[in-house]
Amino acid sequence: MNKLSLFLPAALAAYSFRWSWWSKNKKGLNVLVYHKIGYHPRGSKLKELWVTPERFEKHIIWLVKNGYNPVGFSELLDCYKNNKPVDKLVLITFDDGYENNYKYAYPILKKYNAKGNIFIVYNTIGKVNIWHKPEKEVWVNMATKEMLLEMDRSGVIEFGSHTMNHPRLAEISHEDAKWEITESKKQLENLFQKEMFAFAYPYGSGAYNKDVRKLVLDAGHIFDFSFKQGKTQWPWKRDDMPIDRLFIKNTDTCFDLGLHLKKGIAKFF
Numbered sequence: 002m003n004k005l006s007l008f009l010p011a012a013l014a015a016y017s018f019r020w021s022w023w024s025k026n027k028k029g030l031n032v033l034v035y036h037k038i039g040y041h042p043r044g045s046k047l048k049e050l051w052v053t054p055e056r057f058e059k060h061i062i063w064l065v066k067n068g069y070n071p072v073g074f075s076e077l078l079d080c081y082k083n084n085k086p087v088d089k090l091v092l093i094t095f096d097d098g099y100e101n102n103y104k105y106a107y108p109i110l111k112k113y114n115a116k117g118n119i120f121i122v123y124n125t126i127g128k129v130n131i132w133h134k135p136e137k138e139v140w141v142n143m144a145t146k147e148m149l150l151e152m153d154r155s156g157v158i159e160f161g162s163h164t165m166n167h168p169r170l171a172e173i174s175h176e177d178a179k180w181e182i183t184e185s186k187k188q189l190e191n192l193f194q195k196e197m198f199a200f201a202y203p204y205g206s207g208a209y210n211k212d213v214r215k216l217v218l219d220a221g222h223i224f225d226f227s228f229k230q231g232k233t234q235w236p237w238k239r240d241d242m243p244i245d246r247l248f249i250k251n252t253d254t255c256f257d258l259g260l261h262l263k264k265g266i267a268k269f270f
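Residue 2 is where the sequence shown starts when you use my numbering, and the numbers rise one by one after that.
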């Protein structure tokens with residue numbers, strides 16, 4: 002037996018530990034986070050924020066076939082208020098409110114009778130994502146009010162707040178942070194004519210900052226979502242922590258998706 006025949010199996014075994022299959026299962030709330038559903042522009046340095054429609058559809062098919070129930074914020078609220086289990090529930094969330102969510106994600110979710118949830122940056126509705134530096138990626142169109150209202154009327158998509166302008170809340174003044182949080186909730190409620198009770202922190206900034214989080218909860222949000230990778234224990238201790246999420250990339254296969262849901266992470270490096 003030569004050295005190569007001994008080395009290769011050992012190397013492959015070691016490499017497989019990159020995936021979380023060997024770690025303990027984690028119970029808790031499953032919240033997936035996507036951003037852009039579509040095809041990244043040439044030269045993009047933000048490819049990790051894109052998932053192709055083909056990959057996204059495979060994820061949805063896998064979820065449904067494996068008994069997961071993709072729900073909206075309203076169903077989660079019912080579980081929270083009535084202490085119901087969430088083992089097979091999954092919250093599919095999208096940050097920012099891109100036009101490609103309407104073009105690609107919305108019809109796929111509708112096709113499989115699944116629900117999705119979009120966090121909206123209010124001041125960029127119908128505009129572009131000006132918070133991204135153009136040298137990293139060309140600006141991308143955001144959904145218009147007409148698109149948002151159509152998705153809302155369908156019952157397929159529910160909405161939450163993602164501030165007015167997408168700032169890092171922990172890095173701006175208390176007064177500015179309060180305005181970003183309260184005004185976005187107010188404007189979205191005016192648009193949809195219903196209560197907005199879910200909030201996601203842009204970049205995850207402020208999610209674990211006591212002062213910032215207090216502003217979010219005091220504004221009347223029931224749920225607040227971080228950008229920290231993981232699953233949140235259920236029943237959720239709202240006063241103690243925000244809800245963590247599982248960041249999904251285009252490189253995530255259905256096998257990876259299953260690991261995210263069972264282990265709280267698919268790969269360690």
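Glycine included, C-beta positions come from ideal geometry on N, C-alpha and C.
Per DSSP, which residues does residue i bridge with? Please list them.
i      : result
Ser155 : Looking at the DSSP assignment, Ser155 forms no beta bridge with any residue, so it has no partner.
Val141 : BP columns for Val141 are empty, so no partner.
Tyr99  : Met143
Ser162 : Ile121 and Phe200
Val91  : Asn31 and Pro71
Quick check on residue i: buried or exposed, where buried means 16 or more other Cβ atoms within 10 Å of its Cβ?
i      : result
His36  : buried
Trp51  : buried
Trp235 : buried
Gly205 : buried
Gly68  : exposed
Tyr202 : buried
Arg1   : Residue 1 lies beyond the range of the chain shown here (2 to 270); nothing can be said about it.
Gly117 : buried
Starting from the Cα of residue i, find the closest Cα among the options and give me that residue.
i      : options                           : result
Ile244 : Tyr202, Gly73 and Asp225          : Asp225
Asn70  : Asp177, Phe198, Thr53 and Ile93   : Ile93
Glu196 : Tyr204, Leu170, Asp153 and Asn166 : Asp153
Ile249 : Ser24, His60 and Asn26            : His60
Leu189 : Gly156, Leu258 and Gly98          : Gly98
Thr233 : Lys27, Met165 and Lys186          : Lys27
Glu55  : Ile126, Gly127, Ile173 and Asp253 : Asp253
In three-state terms, what does DSSP make of residue i?
i      : result
Phe224 : strand
Tyr16  : Residue placement at Tyr16 is flagged as unreliable, the pLDDT there being 49, under the threshold of 50; the coordinate-derived value follows with that caveat. The answer is helix: DSSP assigns Tyr16 an H, G or I state.
Arg214 : helix
Leu247 : strand
His30  : The sequence shown places Leu at residue 30, not His. Strand, per DSSP.
Lys229 : strand
Thr183 : helix
Lys116 : coil
Val129 : strand
Asn67  : coil
Lys37  : strand
Trp235 : coil
Any beta carbon from chain C within less than 8 Å of residue i's own beta carbon?
i      : result
Asp253 : Absent from the structure is chain C; it holds one protein chain and no more.
Between the stretch 216-230 and the stretch 182-196, do at least 3 Cβ pairs fall closer than 8 Å? Taking 8 Å as the limit for Cβ pairs, the verdict is that the stretch 182-196 does touch the stretch 216-230.
Touching or not, the stretch 135-144 and the stretch 38-46, by the rule of three or more beta carbon pairs under 8 Å? Between the stretch 135-144 and the stretch 38-46 there are three or more C-beta pairs closer than 8 Å, enough to call the two in contact.
Okay, do the stretch 78-85 and the stretch 158-177 touch, 3+ Cβ pairs below 8 Å being the bar? These segments do not touch.
With contact counted as at least three CB pairs below 8 Å, one residue from each stretch, are the stretch 102-112 and the stretch 260-269 in contact? Because the criterion of three Cβ pairs below 8 Å is not met, the stretch 102-112 and the stretch 260-269 do not touch.
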